[in-house]
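Inspection log for the structure reproduced underneath, given as structure tokens.
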Amino acid sequence: MIKTLASPGGLHQQMLMQIYLHAAKPAEDGLPADGGSEADDDAEKNAAGQENQSTSLSGLFVEKPAENVVAVAGSDVTFVAKVDASTLTRKPTMKWLKGKWLDLCSKAGKHLQFKETYDRNTKIYTYEMKIIKVVAGDAGGYRCEVTAKDKCDSSTFEISVEAAQQENQADILSAFKRADAGEDEGDLDFSALLKATKKKKKQKEEPEIDVWELLKNAHPSEYEKIAFQYGITDLRGMLKRLKKMKEVQKPSEAFLKRLETCYSVEKGKKIVMSCEVLDPNVQVKWLKNGQEIKPSAKYVMEANGNIRTLTINKSNLSDDAAYECVVGEDKCSTEVYVKEPPITITKLMDDYHVVVGERVEFEIEVSEEGAHVMWSFEDQEITKDSSKFRFKKDGKKHTLIIQEATLDDAGMYHAWTNGGHTKGELEVEEKELEVLQDIADLTVRATDQAVFKCEVSDDKVTGKWFKDGVEVLPSERIKMTHTGRFHRLIIDDVKPEDAGDYTFVPDGYALSLSAKLNFLEIKIDYVPRQDPPKIHLDTTGNMVSQNTIIVVAGNKLRLDVEITGEPAPTVVWSKGEQAVVATEGRVRVESRKDMSCFVIEGAERNDEGNYTICVTNPAGEDKAMLFIKIVDVPDPPENVKCTGVGEDCATIVWEPPKFDGGAPIKGYLMERKKKGSSRWTKLNFDVYEPTTYEAKRMIEGILYEMRVFAVNSIGLSQPSLNSKPFMPIAPTSEPTRLTVHDVTDSTCSLRWLAPEKIGAGGLDGYVIEYCKEGGTEWVAANTDLWEKQGFVVRGLPVGEKINFRVVAVNIAGRSPPATLSQPVTIREVVEHPKIRLPRELRTKYIRKVGEKINLTIPFQGKPHPVATWLKDGQPVDPKMVNVRNTNVDSIFFIRSAEREHSGTYELVLKIENMEDRAAINIRIIEKAGPPVNVRVTDVWGFNAALEWEPPKDDGNCEVTGYTIQKADMKTKEWFTVYEHNRRTNCTVSDLIMGNEYMFRVYSENLCGLSEEPRMSKNTAVIPKTGLELKQAAFKEKDMACPPKFTQPLVDRSVVAGYSTAISCSVRGFPKPKIVWMKNKMIIGEDPKFLMQNNQGVLTLNIRKPSTFDAGKYCCMAVNDLGQDAVECKLDVRVAIEPENK
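Here the sequence shown is numbered in our numbering, starting from 167 and rising by one per residue.
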């Protein structure tokens, strides 16, 4: 896809022209993609053929997502697809894809949600994809694909995203946010708002630029420049279509007016193409990329006189193509270009602060994959030809990489797209060079070798050697080497003129290392005699004293010891009591003429110790003691923790490392990061010596972590363990409304409210302090933080005046104190006991059996009164009643009330000889028993008089009424005559003549009707008057008959897999027994068959029959008088699937 887009300098409102050059067009396009190779097309065809051989396309969808959906940015949109699984042997698999290959199921989360349901009745799977808060990047082509063993089906649809209607209104909150702060951005940035306001005023409407007109009129040498300026990514495909547009069409007799050479439309809008034909009655065809367009809701074709019009509604990227209007063999063509919104930057660039040699990665994210991003340094564009910079693309992520930063790389870096711009600043600090090993003075003899060696902290630093201020050049006798951090000057066959001052100067640093070479000329007269052995140790170089050598861990130690003596002495090296005899390996001894070499490769800590060299010959013996000290980088610091925080700062402390590496600790380097982030920010570049550090410029309410490096003369330690996350916060404001609630002779009860301002650090608790009036020493009343907003200070002296204050504490520290306006005098206030009985307990307290009783009786009095409960003058039984007393109330509790809990309870409150009493009348009730002696006392006409007596058990409650019911002796169905009848008698009217009635009565109280009624002892007969019925003798008809089928079974032919049923009907008395048979075999309790008998209609249900279920079915009915049978033939045929086309 080629897009001609507005330049980064603010042409956001200009016309956007875009051309889709599809790498693989849909089947309906019928044309190969411009710019694509035939080999690619053949490969795609072969892949498609192989895929079709294994999986066949079939119509599995019963409902597909809408083809074109226009969503408003910020809203939610849902797509639904339904699959019929009635013909599938296994559960189908659904995939939601974006573009060709991007599987959206792996992106499920807050933005994308997927749902799957199954209806067992219809056997339909329903799949839903929901996009939460649609953004511009969600626009594009999508596909849902379902597969099930050897079947598959797919559906494509397009999503267009429109900006919200309120986009012209300024979002004041987003304007306040820092746009280029990266990870450290805060909530509000007023300067950004002011800048945005100024920029808004300066915007001017610029004329639209037609890129096609620019390309038509431009010289071919300017094509590349125009393509870069307007964001054209596929210039070759664009020039092909431009060449096609320049072709002059031949004059036509069929058209009076041809189509325009090109049309452009914004994505989602409507486009109308029209031409004028010569014959008003002629039929025209419209083609898209050579394929005929069929009329639909999207493509509307109209003929109005000589005018022929094609309207495309809701255009999308697939409508970007070549169109033709054909009349017979004549045609006219045009190009349609669909505009797409510009590419924006969704993740801004961060600033970096590094030292020389570190790697830098500037990373941004854009709204679309495959976007073109231009990078620049200051005002200079960065091209791919640059060896210093490297570019990386990963989907929407674009990265500019600087492998090794230098001082010249410091400055502002910019990233541009056709719809956005971001920048980040790079600060580079020069790395300090440390000298780990200085050059030592040498004294050598003629023809010997002189080696000057030094070690610096950076293994990439180069340098030059000078002798007496003149640069030393390499020759056959003089060699200069650079291996890692070591620089050597080697002079073979030393001559007197080689003596002088030698200096090593590192490149780029104001530093020099100097040493002196002394030439020793020795004349030896040979005397054939024996000389005792002698060890000549060089006390320069690594030796810090006469017998101590310091070696950096990991480095190589080569100790060359000159030995003299005649005859040649024997040399023995030993560490402690153990001799070192190995001539190969990491620790070894090498021997040469007049020289013994002790070598340690890659020195380790356990190599440290006392070493002895002993030489012997017949003339004597000599020994030398050496102490080799191994130095290394220190261990990491320990116990890094935050001891205090402020609004934008925190105090960090740590302990020095257990092992300093054998060299004194010079100081520490600190780093911090936000919790959850992987990017660490350096807090200091210079070594910091104390073990307490105050980190500043942090954001309140954000969790941070810290780590510390230890530094000695050898180098930098590994980082310490991360500190526990901490949050920069400020202390709360002081607690509010501190008041005195109660005072006794030794205590004072205080109450207060939470601080008005708590902040991000929350509130851990309170500290309560007191001080005598006139004193200055405040005493803490609580050892641990108190979380409640009330506290009783105990152990106070009687009669003293005490000042109190309360301090709120959180991780940031103590708040300002809340104090009382005047001191409090500690003395006891005597108050008479008083029971405050609730209003609802002053009358009779009624509860049903089984209910819970929980009464709280508040009272007051000082000193604290003693509460006692009595029932009917006796103390309550603790097994029946639970009582719990506090200083301010008494709680009376019965878990499950019973009738025996009824009675009068009395609460007695005593303080010494003073007391107060309160009585509570509790009644536990239940349903009453039935009435007694229910009887019919009189019958006249259609009326009956009833009387009864009250129940023996009224349920400990007054009987409020009775419910009377009647029933006919024939039907015995009960009907209510009276409800809530308060008397113990009643008259039942409207009885039916000739019927006999019985009666029953329920008792009723507050708990409802009694559990059982009381039946009347006698009945009421309503006689018939003046009529006499003479009944004829009844002769019972003989209904017995043998079984006889009134409806036979019918032969049936069914499809395998579809449930069926066969039916017949039979009559007979007594009721016959039914037996079903298949091929003369009785069908038992097979779950495949369901046999039903409904009033003589017999049905045999066969569930999903197969070819095995075909055959003759027989139904037999048998009773004591005989039997009968009917049969039918069932044919099961296999369904034939239609051939795939």
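Cβ atoms here follow ideal geometry from the backbone N, Cα and C, with glycine treated the same way.
With 16 other Cβ atoms within 10 Å as the buried cut-off, status of residue i
i	result
V797	buried
D269	exposed
S533	buried
A1301	exposed
W267	exposed
L1287	exposed
P894	buried
M872	buried
N482	buried
K573	First, the amino acid is wrong: residue 573 is Leu here, not Lys. The residue is exposed, with fewer than 16 neighbouring Cβ atoms inside 10 Å.
R980	exposed
C491	buried
K1248	Looking at the sequence shown, residue 1248 is not Lys but Ile. The residue is exposed, with fewer than 16 neighbouring Cβ atoms inside 10 Å.
D1038	exposed
A487	buried
W918	buried
T221	Confidence at T221 is low in this model, with a pLDDT of 39, below 50, so its placement is unreliable and the value that follows should be read with caution. Exposed, since its Cβ has fewer than 16 Cβ neighbours within 10 Å.
P662	exposed
M864	buried
8 Å Cβ cutoff, residue i in contact with chain D
i	result
G1121	Considering every chain present, this structure includes no chain D. It has just one protein chain.
Bridge partners - residue i, DSSP secondary structure assignment
i	result
W1035	L1073
V466	T477
L566	F528, F557
T322	R309
G775	I794
N1245	None, per the DSSP bridge assignment.
G931	V975
Collapsed DSSP secondary structure at residue i in the structure displayed
i	result
C808	strand
P999	strand
K1018	coil
E1303	coil
E787	strand
C1173	coil
D304	helix
E593	strand
R724	strand
D516	coil
L1296	strand
D250	strand
C271	helix
S1309	For the chain, the structure presents residues 167 to 1307; residue 1309 sits outside this window and is missing.
L849	coil
S762	strand
E388	helix
L483	helix
L278	strand
beta-carbon residue i near the ligand ZN non-hydrogen atom, thresh 7 Å
i	result
T510	Among the components of this structure there are no ligands whatsoever, and the ligand ZN is therefore not found.
**OP:** Tell me the start and end of each unbroken beta strand (DSSP E) in the segment 1037 to 1124 that is at least 3 residues and wholly inside, in chain order.
**Re:** Counting whole runs of 3 or more residues, the segment 1037 to 1124 contains the beta strand (DSSP E) stretches 1048 to 1051, 1055 to 1060, 1069 to 1077, 1080 to 1091, 1098 to 1106, 1109 to 1115.
**OP:** Check whether the segment 1283 to 1303 touches the segment 1212 to 1220, taking contact to mean three or more Cβ pairs, one atom from each stretch, closer than 8 Å.
**Re:** Judged by pairs of C-beta atoms under 8 Å, the segment 1283 to 1303 touches the segment 1212 to 1220, as three or more such pairs exist.
Original post:
How about the segment 954 to 967 and the segment 905 to 914: do they share at least three Cβ pairs that are nearer than 8 Å?
Top reply: Touching, yes, given that three or more Cβ pairs across the two stretches are closer than 8 Å.
Original post:
Three or more C-beta pairs closer than 8 Å, one from the segment 1153 to 1167 and one from the segment 1121 to 1135: is that the case here?
Top reply: Put simply, the segment 1153 to 1167 touches the segment 1121 to 1135. At least three CB pairs are less than 8 Å apart.
Subject >> Completely contained beta strand (DSSP E) runs for the segment 605 to 689, where each covers 3 or more residues >> reply: Segments of the beta strand (DSSP E) lying fully in the segment 605 to 689: 608 to 611, 616 to 622, 629 to 633, 644 to 649, 652 to 657, 666 to 672, 679 to 686.
Original post:
So, do the segment 798 to 811 and the segment 821 to 829 have three or more beta carbon pairs nearer to each other than 8 Å?
Top reply: Segments in contact, yes.
Original post:
Counting Cβ pairs, one atom from each stretch, are 3 or more of them under 8 Å apart for the segment 832 to 839 and the segment 849 to 868?
Top reply: The segment 832 to 839 and the segment 849 to 868 touch, with no fewer than 3 CB-CB distances between them shorter than 8 Å.
Original post:
Taking the runs of the beta strand (DSSP E) that are 3 residues or longer, which of them lie wholly in the segment 934 to 1006?
Top reply: Complete beta strand (DSSP E) runs here, min 3: 956 to 959, 967 to 976, 997 to 1001.
Original post:
What are the uninterrupted segments assigned as beta strand (DSSP E) that are 3 or more residues long and contained completely in the segment 1170 to 1232, given in chain order?
Top reply: Correct list: 1207 to 1213, 1218 to 1221.
Original post:
Which full runs of the beta strand (DSSP E) of 3+ residues lie inside the segment 863 to 893, going along the chain?
Top reply: The segment 863 to 893 contains these whole beta strand (DSSP E) runs: 870 to 878.
Original post:
For the segment 589 to 599 against the segment 494 to 505, are there 3 or more C-beta pairs whose distance is under 8 Å?
Top reply: Taking a cut-off of 8 Å on C-beta distances, the segment 589 to 599 does not touch the segment 494 to 505, as fewer than three cross pairs fall below it.
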